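Undergrad: Numbering (this note's numbering), first residue to last: 2 to 316. All C-beta atoms in this analysis are idealised placements derived from N, C-alpha and C, irrespective of residue type, glycine included. Note that the structure is predicted; figures quoted are calculated from it, not measured.
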């Protein structure tokens, strides 16, 4: 947030002045159309968007990573890999359903329950946006548990393989968020700030001229994506952590929760949480301190992740 306080300590009377400043410099936002191409057949038009491509590429890469892991039984210790090399393809179908259904329902429940209760038909309009990572994560967990129960597989060991494959998809998704000029950060005067297009992005009280914002999507792509992927692949291939059931799930939960919680300090909160009395968009606050919805949802992930790492037994 440039010069926003680093612990979400809020003076609700003067917070607006802390989170904005006169812009001296802003990087121009790259002009990349959200649609890669469009096919028109009469009245029917089909567009492939960067966000859809990110989902597809992330899932395919995740599938290939899981296949690569199960093809190396030595990584898993005496019991060998938890799946055959054919099963990850079947599991992928279940995960896709979990991501879409969980991500959409999570957004509805966590971020805009009142609106969707009044407009239930809008829940089905996934193509208009509105997906929650935390909801998608819960959807994947539910789908994975059902798949493992059906095929009598170890949910913890299968979950470890899926966890190793997840960060690359997160990185691609956040890059797509940047291309779409959505989920941008708070106003700032840092030299790498971007002038995101659109009225909402330029609606910055007390900012003179162009409103520059943190490219928080790229922060997330780097931390919860690239950095977490490198750490998890290193632990899986070089440190033998796949021999400790649940350890890689724990690393993913802890790493994602910490990365997301940190980037929330720079990310513009969802509009439904912002008001004149709560300009930082905190979902919970007490005694001058508060947390965003993203931070609140990340706390149980971190706690569960640390518990799983501590519980995982060395081979």
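Quick one: residues in its chain with C-beta nearer than 6 Å to the C-beta of residue 299, no 5 flanking neighbours on either side, listed in chain order?
TA: Here the question's residue 299 lines up with position 298 in the chain shown. 258, 261, 262, listed in sequence order.
Undergrad: Going by DSSP, what residues sit across from residue 279 in a beta bridge?
TA: Reading the chain shown from its first residue, position 278 is the one you call residue 279. 276, per the DSSP bridge assignment.
Undergrad: In or out: residue 200 buried (at least 16 other Cβ within 10 Å) or exposed?
TA: Within the chain shown, the letter at position 199 stands for residue 200. Counting Cβ neighbours within 10 Å, residue 200 comes out exposed, since fewer than 16 surround it.
Undergrad: Report the three-state DSSP secondary structure of residue 375 (helix, strand or coil).
TA: It is not possible to answer for residue 375, since the shown part of the chain is limited to 2 through 316.
Undergrad: Do residue 160 and residue 100 have their C-beta atoms closer together than 8 Å?
TA: Looking up residue 160 in the chain shown gives position 159. Looking up residue 100 in the chain shown gives position 99. No, these two residues do not count as a Cβ contact at 8 Å.
Undergrad: Using the beta-carbon count (16 or more within 10 Å), is residue 167 buried or exposed?
TA: Your numbering for residue 167 matches position 166 in the chain shown. Answer is buried; the Cβ neighbour count reaches 16.
Undergrad: Checking the sheet assignment: what are the DSSP bridge partners for residue 48?
TA: On the chain shown, position 47 is the one that residue 48 refers to. In DSSP, residue 48 forms a bridge with 39.
Undergrad: Between the C-alpha atoms of residue 256 and residue 39, what's the straight-line distance to the nearest angstrom?
TA: By 1-based counting over the chain shown, the position of residue 256 is 255. By 1-based counting over the chain shown, the position of residue 39 is 38. Between residue 256 and residue 39, the C-alpha separation is close to 37 Å.
Undergrad: Give the DSSP-derived three-state secondary structure of residue 240 in the structure shown.
TA: The count along the chain shown starts at 1 and reaches residue 240 at position 239. Three-state DSSP puts residue 240 in coil, outside helix and strand.
Undergrad: Can you list, in chain order, the residues of its chain whose CB lies under 8 Å from that of residue 314, leaving out five sequence neighbours each side?
TA: Translated into the one-based positions of the chain shown, residue 314 becomes position 313. The answer, listed in chain order, is 245, 246.
Undergrad: Would you mind working out which of 225, 193, 233, 68 sits nearest residue 214, comparing C-alpha positions?
TA: Residue 214 sits at position 213 when you count from the first residue of the chain shown. Taking only the C-alpha atoms, the option nearest residue 214 is 193.
Undergrad: Tell me whether residue 290 sits in a helix, a strand or coil according to DSSP, three-state version.
TA: Reading the chain shown from its first residue, position 289 is the one you call residue 290. Strand at residue 290.
Undergrad: If you follow the alpha helix (DSSP H) that residue 89 is in, where does it begin and where does it stop?
TA: The residue you call residue 89 lines up with position 88 of the chain shown. Taken as a continuous stretch (DSSP letters only), the alpha helix (DSSP H) holding residue 89 covers 88-111.
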